[in-house]
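Enquirer:
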Amino acid sequence: MKTFYALGLLVIALLTLYLTNALEWPQRITGTRIDPLPALIVCAAMRAPVLALTLLAVLGSLWQTSLSADPPGISMIPLFAVGVAVSLNRRAIHTRLWGARFAVAAAAGALVPLVTVGLLMLLGRQPLLGWFSFWQLAVMSLTSGLLALIFFPLLEWLDQAVEDQPFAAPYDTTTRINRNPY
Amino acid sequence: MNLRPYVYATGFVLGLATVLLALSPRSAGQVKLAAGSFFVPLYSAEAGLQRVRNYAANKTATREELLDQNQRLALTNKVLRIQIQQLRATAEENKTLRVQVAFAATNQWKLRLGQVIGRDPANWWRTLQINLGSRHGVREGLPVLTPDGLVGRVHEVHPNRSRVALIGDPACRLSINVQPSRENGILTADGATVFDHTIVNLKFLPAHTEARAGDPVVTSGLGRLFPRGIPVGKLLSVEPAPGALNSRARVKLAVDSSRLNEVWIILP
Numbered sequence: 048m049k050t051f052y053a054l055g056l057l058v059i060a061l062l063t064l065y066l067t068n069a070l071e072w073p074q075r076i077t078g079t080r081i082d083p084l085p086a087l088i089v090c091a092a093m094r095a096p097v098l099a100l101t102l103l104a105v106l107g108s109l110w111q112t113s114l115s116a117d118p119p120g121i122s123m124i125p126l127f128a129v130g131v132a133v134s135l136n137r138r139a140i141h142t143r144l145w146g147a148r149f150a151v152a153a154a155a156g157a158l159v160p161l162v163t164v165g166l167l168m169l170l171g172r173q174p175l176l177g178w179f180s181f182w183q184l185a186v187m188s189l190t191s192g193l194l195a196l197i198f199f200p201l202l203e204w205l206d207q208a209v210e211d212q213p214f215a216a217p218y219d220t221t222t223r224i225n226r227n228p229y
Numbered sequence: 030m031n032l033r034p035y036v037y038a039t040g041f042v043l044g045l046a047t048v049l050l051a052l053s054p055r056s057a058g059q060v061k062l063a064a065g066s067f068f069v070p071l072y073s074a075e076a077g078l079q080r081v082r083n084y085a086a087n088k089t090a091t092r093e094e095l096l097d098q099n100q101r102l103a104l105t106n107k108v109l110r111i112q113i114q115q116l117r118a119t120a121e122e123n124k125t126l127r128v129q130v131a132f133a134a135t136n137q138w139k140l141r142l143g144q145v146i147g148r149d150p151a152n153w154w155r156t157l158q159i160n161l162g163s164r165h166g167v168r169e170g171l172p173v174l175t176p177d178g179l180v181g182r183v184h185e186v187h188p189n190r191s192r193v194a195l196i197g198d199p200a201c202r203l204s205i206n207v208q209p210s211r212e213n214g215i216l217t218a219d220g221a222t223v224f225d226h227t228i229v230n231l232k233f234l235p236a237h238t239e240a241r242a243g244d245p246v247v248t249s250g251l252g253r254l255f256p257r258g259i260p261v262g263k264l265l266s267v268e269p270a271p272g273a274l275n276s277r278a279r280v281k282l283a284v285d286s287s288r289l290n291e292v293w294i295i296l297p
C-alpha cells in the first residue's frame with residue numbers, strides 16, 4: 048500500500064474541492080460549477096492501489112456533499128465505478144498520449160454527474176434541470192479532461208516523490224563477465 | 030490480475046453508500062458536519078488572508094481616497110438620518126392606526142450580518158454557505174436578504190455555518206404579491222433558472238391578471254415564513270391565460286446571488 052501517495056491524493060482532493068467551492072469566476076464565465084473529482088479519480092486509478100481509490104471515492108464524495116445540498120455520499124458509487132473501470136483496464140489505456148488522458152477524464156466528467164443526477168431522482172429529489180444542463184454537462188466534461196492534463200503529471204511526480212526508492216541498483220553494474228575470452 | 034481486493038472494495042462502497050443514503054435528515058446533517066470539519070482550517074486560513082488583505086488595503090489607501098470616501102459616507106449618513114425621521118413618523122402613524130383597527134402590531138427586525146463562505150459545488154442546486162450558525166441564533170427557515178431585496182431562506186443549520194437556499198432553488202418556494210394589482214402567486218424555479226439564475230417562474234396568478242411587465246414583486250407574508258413587503262424583483266413578462274385556471278409570469282430577481290459577499294439574516 049502506498050500510504051503517503053494515498054494521503055497526498057486525499058490532500059489534493061480536499062484542496063481542489065475547496066478551491067472549486069470558493070472560486071466564483073469559473074461559474075461567472077461558463078455558468079457551470081467545475082467538479083475536479085472525476086479527473087482526479089481517473090488519474091489516480093492509473094497508479095494507485097484499490098484501497099487508495101476506495102478512500103478517494105468515499106472521502107472525496109463525503110467532502111463534496113458536505114459543501115452541497117446533495118445527500119451525503121451521493122457521488123460515491125459513480126466515482127468508485129469510474130475508478131475501478133479505469134484501474135481494471137489501465138493496461139489498455141495509452142496514458143502517455145495526452146489525447147487518451149483527456150478523452151478518458153472527459154468521459155468520466157460527463158458520466159459521474161449524469162449517474163449522480165439519476166441517483167438523486169431515484170431518491171425522489173428534484174434537481175434543477177433544463178436545456179442549459181446539457182451545456183453544463185459539456186463544460187464539466189471538457190474541464191474534467193483539461194484537469195486530467197494537470198493531475199496526471201502532478202500524481203506522477205507525487206508517486207515518484209514518496210515511493211520507496213532502492214538505495215542502489217539490485218546488481219553490480221560495474222562487473223563485466225567475460226566468458227571464455229580465448 | 031487479483032480481483033479479490035476489487036470485490037471487497039465494491040462491497041464496502043455499495044454497503045456504505047446504501048447506509049448513507051438511507052440516513053434520516055438529522056443523521057445526514059451530522060455526517061455532513063463531520064465531513065465538512067476537514068475544511069475548517071482552510072476557511073480559517075482564508076479569513077486570516079482576508080484580514081491581512083484588508084489591513085494592507087487600509088495601509089496603502091491615499092489620504093485623498095479616504096477623504097473622498099468619508100465625504101460620500103457623511104452625505105449618505107445625512108440622507109439616511111432624514112429618511113429615518115420620516116419613517117419614524119410613518120411608523121408612529123401606522124402604530125396608531127393599527128390600534129384603531131385592532132391589527133396585530135409588527136415587530137422590528139433583528140438583523141445579523143453574515144459573510145458568504147462558499148457556494149454549492151453541484152450545478153443542480155442553488156444554495157450558498159454563510160459563516161453564521163446555531164451558535165449565533167440562526168434557525169432553519171429564517172429569511173435572508175440584502176439591502177436590494179430577498180435572497181432566500183436558511184435551509185440547513187450547523188453550529189458555525191448555515192446553508193441558505195436561494196430563490197430559484199427547489200427548497201425555496203415563496204408566496205409573493207405583485208404590487209399595483211395586489212395579486213398573489215408562487216415563485217418556483219424551472220429550466221430557465223438553470224440558464225439565468227436571476228429569472229424565476231411565477232405561477233398561480235389569476236387567469237385574467239392585471240399584472241404587467243415591470244411591476245414590482247414583493248413577499249406576500251402568507252405562510253408566515255417571510256415578512257410582508259420585502260422586495261423580490263420585477264415582472265419580466267406575463268402570459269395571460271383567459272381559458273385556463275391561472276396565468277404564469279417570469280420574474281427578474283432584484284438580487285444577483287452570484288455576486289453576493291454579505292447577507293443579512295432576520296433573527297426571530
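For the protein sequence lines, the chains are A and B, in the order given. The numbering of the first sequence is our numbering, which starts it at 48 and goes up by one. The numbering of the second sequence is our numbering, which starts it at 30 and goes up by one. Positions of the beta carbon are idealized from the N, C-alpha and C atoms, including for glycine. These numbers were taken from a predicted model, which means no experiment stands behind them.
1) Just by C-beta distance, which residues in the region 168 to 196 of chain B are closer than 8 Å to chain A?
2) Thinking C-alpha only, which one of I76/A, E203/A, G177/A is nearest R288/B?
3) Please report whether the beta-carbon of N68/A lies at a distance below 7 Å from any beta-carbon of chain B.
4) My understanding is that S115/A touches A152/A, with C-beta atoms under 8 Å, so please give their C-beta distance in whole angstroms.
5) Could you give the distance in angstroms between the alpha-carbon of G77/B and the alpha-carbon of F224/B?
6) So which residues on chain B does W110/A lean against when the C-beta distance must stay under 7 Å?
7) Are the C-beta of K61/B and some C-beta of chain A separated by less than 7 Å?
8) If we define contact as Cβ-Cβ less than 7 Å, is D149/B a contact residue for chain A?
9) Spell out a yes or no on whether the region 158 to 168 of chain B and the region 202 to 217 of chain B are touching, meaning 3 or more CB-CB pairs, one atom from each, closer than 8 Å.
10) Establish whether the CB of T227/B and some CB of chain A are separated by less than 7 Å.
11) Specify the secondary structure class of K61/B as computed by DSSP and reduced to three states.
12) Anyone know if the C-beta pair for G262/B and A283/B falls short of 7 Å?
13) Residues of chain B with a CB under 7 Å from the CB of W118/A: which are they?
14) Since I believe P269/B is in contact with D244/B (beta carbons under 8 Å), could you give me their beta-carbon distance rounded to a whole number of angstroms?
15) Starting from I124/A, find everything on chain B with Cβ-Cβ shorter than 8 Å and list it in chain order.
16) Please report how far the alpha carbon of N106/B lies from the alpha carbon of G178/B, in whole angstroms.
17) Cα-Cα, which of I215/B, E185/B, L50/B is closest to R247/B?
18) Taking C-beta pairs closer than 9 Å, name the residues in chain A that A287/B reaches, listed in chain order.
19) CB-CB under 6 Å to T63/A, same chain, minus the five flanking residues each way: which ones, in chain order?
20) State whether the region 159 to 179 of chain A contacts the region 122 to 134 of chain A, with contact taken as three or more CB pairs (one from each stretch) at a distance under 8 Å.
21) Short of 8 Å in beta carbon distance, which residues of its chain neighbour L265/B, apart from the five on each side in sequence? Order them along the chain.
22) Kindly list, in the order they appear in chain A, the residues whose Cβ is closer than 7 Å to that of T156/B.
23) Going along chain B, which residues have a C-beta under 8 Å from F127/A?
24) So, under 8 Å CB-CB, L57/A and L103/A are touching, yes? Tell me the CB distance rounded to an integer number of Å.
25) Using the beta-carbon count (16 or more within 10 Å), is G258/B buried or exposed?
26) Taking the alpha helix (DSSP H) that V89/A falls in, what are its first and last residues?
27) What span of residues does the alpha helix (DSSP H) with E203/A cover, start to end?
28) My output table needs one value for A242/B: the three-state DSSP class, helix, strand or coil.
29) Output the residue ranges of the alpha helix (DSSP H) runs that lie fully inside the region 90 to 127 of chain A and measure 4 residues or longer, sorted by chain position.
30) Quick one: measure Cβ to Cβ for L170/A and L50/B, integer angstroms, because I've assumed they're closer than 8 Å.
31) For A86/A, I'd like the list of residues in its chain whose CB is within less than 6 Å of its CB, leaving aside the five on either flank, ordered along the chain.
32) Nearest chain A C-beta to W153/B closer than 7 Å, yes or no?
33) Would DSSP call A194/B helix, strand or coil?
34) Along chain B, which residues have their Cβ under 8 Å away from the Cβ of A104/A?
35) If we ignore side chains and look at the alpha-carbon of each, how far apart do A155/A and R55/B end up?
Expert: Based on what the coordinates show:
1) H184, E185, R192, A194
2) I76/A
3) yes
4) About 21 Å separates the two Cβ atoms, so there is no contact after all.
5) 35 Å
6) A64, F67
7) yes
8) yes
9) no
10) no
11) helix
12) yes
13) Reading the sequence as shown, one finds Pro at residue 118/A and not Trp. Ordered by position in chain B, the residues that pass the 7 Å Cβ test against P118/A are L50, A57.
14) Actually they are not in contact, since the Cβ atoms of D244/B and P269/B sit about 13 Å apart, beyond 8 Å.
15) V42, L43, A46
16) 21 Å
17) Just to set this straight, residue 247/B is Val in the shown sequence, not Arg. Closest by alpha carbon: I215/B.
18) The amino acid at residue 287/B is misidentified as Ala; the sequence shows Ser. Near S287/B (Cβ distances below 9 Å), the residues of chain A are E71, Q74, R75.
19) P83
20) yes
21) I228, A242, A278, R279, V280, K281
22) A116
23) A38, T39, V42
24) 7 Å
25) exposed
26) 84 to 92
27) 179 to 209
28) coil
29) 97 to 113
30) 7 Å
31) A152, S191, L194, A195, F198
32) yes
33) strand
34) V42
35) 32 Å
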